[in-house]
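First the structure, in the form of structure tokens, and then the observations on it.
Numbering (full-length UniProt numbering), first residue to last: 1 to 302.
This is the structure:
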């Protein structure tokens with residue numbers, strides 16, 4: 001099988017149905033979908049049964065509400081050569097899988113590919129910053145050249161680096177940066193990564209409501225990963241100073257809400273970077289880095 005998609009979901013029946021409907025418009029049906037249901041109910045039975053008649057959809061239940069943890073557990077049962085973890089509320093463009101497949105067939109050395117995002121209405125998204133052109137990914141530009149729900153990787157590479165860090169992501173104290181962390185580890189293991197500006201996935205824009213606690217949790221994840229993956233001091237300093245700059249600019253503009261937001265971001269990045277968890281993860285990374293190497297599997301590329 002060519003693709004395995006692992007989709008974690010909680011109570012989003014319509015969104016999951018829209019995602020599965022998007023798969024019916026792809027040029028290929030050579031894939032499986034593993035739905036990791038964290039809802040503790042039977043609300044997904046009908047939608048899963050409906051689409052399982054069109055392509056393989058497996059229903060896995062989990063009592064744990066940690067997105068990357070449950071995704072990693074489900075990945076152990078995946079059979080596809082190419083692995084992805086799309087959000088339950090994203091939708092692939094009709095040519096998404098054809099473009100991904102072409103990337104991997106044209107470049108046997110390619111380890112993973114990612115792309116950009118459109119809003120659900122097809123307009124540009126306000127979600128994050130993106131690289132301006134297609135290019136190879138590095139441990140530095142992966143921070144603005146990768147989004148987790150538009151990330152496709154060889155399963156053998158994902159397994160070689162140990163998959164997601166279960167301490168990161170939604171439901172964890174360190175609430176973000178699991179994508180850059182995984183990309184950095186895949187690159188350092190020998191996997192070439194590419195950002196394709198024309199590889200698009202649709203996703204609703206994040207709420208513009210300022211959520212200081214969420215911002216702090218997301219920032220904490222970034223701080224953790226910067227320490228764990230030994231990002232250069234200049235990069236770390238830039239990220240810390242940028243949040244303080246946001247405090248100053250917001251204060252000048254009289255935006256007290258944004259002042260608190262950027263203070264939370266700064267505090268979160270500091271908390272993550274200087275946490276015991278990050279220090280321990282950094283030691284473990286240094287100890288194992290030389291042992292983690294990946295080479296393309298010729299049999300899987302056939």
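Glycine included, each C-beta is placed from N, C-alpha and C at the ideal position.
Residue interval of the beta strand (DSSP E) (run including residue 25): No beta strand (DSSP E) holds residue 25; DSSP gives it neither H nor E.
Closer than 6 Å by C-beta to residue 33: which residues in its own chain qualify, once you throw out the five before and the five after it? Chain order, please. 5, 57
Excluding five sequence neighbours on each side, which residues of the same chain lie with their C-beta closer than 8 Å to the C-beta of residue 270? 223, 240
Report yes if the C-beta of residue 106 is less than 7 Å from at least one heavy atom of the ligand ATP; otherwise report no. The ligand ATP is not among the ligands present in this structure, which contains no ligands whatsoever.
So, with DSSP's three-state summary, where would you put residue 155? helix
What is the DSSP secondary structure of residue 300, reduced to helix, strand or coil? Only weak support is given to the placement of residue 300: the predicted model assigns it a pLDDT of 47, under 50, and the question is left unresolved by the model.
Assess, as a yes-or-no matter, whether the stretch 226 to 245 is touched by the stretch 277 to 295 under the definition of 3 or more beta carbon pairs within less than 8 Å. yes
Counting only the same chain and skipping the five closest in sequence on each side, list residues whose C-beta sits under 6 Å from that of residue 152. 82, 84, 100, 113
From 250, 117, 67, 15, pick the residue whose C-alpha is nearest to that of residue 172; which is it? 67
Secondary structure, beta strand (DSSP E): runs of 3+ residues fully inside the stretch 30 to 73: 31 to 37, 57 to 61
Nearest-angstrom Cα distance between residue 1 and residue 20? 18 Å
Where residue 277 and residue 168 are concerned, what is the direct C-alpha to C-alpha distance, given to the nearest angstrom? 11 Å
Roughly how many whole angstroms lie between the Cα atoms of residue 102 and residue 247? 45 Å
Taking just the CA atoms, how far does residue 53 sit from residue 130? 37 Å
So, do the stretch 131 to 148 and the stretch 188 to 202 have three or more beta carbon pairs nearer to each other than 8 Å? yes
Could you please give me the residues that DSSP links to residue 114 through a beta bridge? 151, 195
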